[in-house]
Amino acid sequence: MENQDIVKAYYKMEAEFNYSYGRISRFFKELMENKKIMGTKCLKCGIVFCPPTSDCPKCWVPTEWVELGRKGTLLHYTIIGLPPLWLKRKVPFTLGLIKLDGADTGLMHFVNETDRTKLKKGLRVKAIFAEERKGYITDIEHFEVIS
Ligand SMILES: [Zn+2]
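Given below as structure tokens:
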């Protein structure tokens with residue numbers, strides 16, 4: 013089949029659905045109600061996960077909740093220049109992998125800096141919460157560069 017024989021069609025699909033956060037519900041509840049960022053700690057190996065996991069993927073044992081700080085370190089980042097279809101957000105914007113203080117893993121979120129001369133691994137960042145919180149990861153509006 014030649015390329016010109018392939019027909020492409022574009023559709024905009026919207027759907028409402030319910031999703032259960034299950035045993036990590038507390039993470040979203042604390043974001044929404046208390047502006048707290050929670051992680052989970054493996055009772056066996058001690059790794060602290062954020063985003064949280066209900067069970068350690070390494071040890072296969074349940075984790076316990078731990079409160080993390082609002083500050084963290086930028087591990088990696090990418091500047092998005094083309095608007096993704098699935099996200100209504102002005103471009104350019106930066107996605108960063110942030111290791112919150114007290115955590116061992118990274119949380120992907122927006123970072124408020126898009127100047128590539130100012131972005132670098134190891135920057136300190138702080139969570140800025142949305143005024144109106146609904147129990148979504150976007151209850152953290154973005155992370156602000158603080159150093
Ligand atoms: Zn473990």
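Just so you know, my numbering puts 22 at position 10 of the sequence shown, and the rest follows in order with no gaps.
Built from N, CA and C at the ideal position, the CB exists for glycine as well.
Candidates L97, T65, G118, of which the one nearest G84 by Cα: When only C-alpha atoms are compared, the closest one is G118.
DSSP bridge partner residues for D67 (one or two, in chain order): P74
V73 beta carbon near ligand 1 (any heavy atom closer than 7 Å): yes
Touching by the beta-carbon criterion (3+ pairs, under 8 Å), the region 68 to 85 and the region 46 to 59: yes
Beta strand (DSSP E) segment containing M44, residue limits: Here M44 belongs to no beta strand (DSSP E); instead the alpha helix (DSSP H) covers 37 to 46.
Heavy atom of ligand 1 within 7 Å of I2 beta-carbon: Outside the shown range of the chain, which is 13 to 159, sits residue 2, and nothing can be said about it.
Three-state secondary structure assigned by DSSP to I158: The answer is coil: DSSP assigns I158 none of H, G, I, E or B.
Segment contact flag, the region 33 to 47 with the region 98 to 116, C-beta cutoff 8 Å, min 3 pairs: Because the criterion of three Cβ pairs below 8 Å is not met, the region 33 to 47 and the region 98 to 116 do not touch.
Rounded C-alpha distance that separates M74 from K20: First, the residue type needs correcting, since residue 74 is Pro and not Met in the sequence shown. Looking at the two C-alpha atoms, the distance is approximately 46 Å.
E76 beta carbon less than 8 Å from that of L55: yes
Candidates A115, T90, A139, V157: closest to L43 by CA position: A139
Whole-angstrom distance between K70 and N30, CA atom to CA atom: Distance between the alpha carbons of N30 and K70 is about 29 Å.
Bounding residues of the beta strand (DSSP E) (the contiguous stretch that carries I92): Element bounds for I92: 83 to 92.
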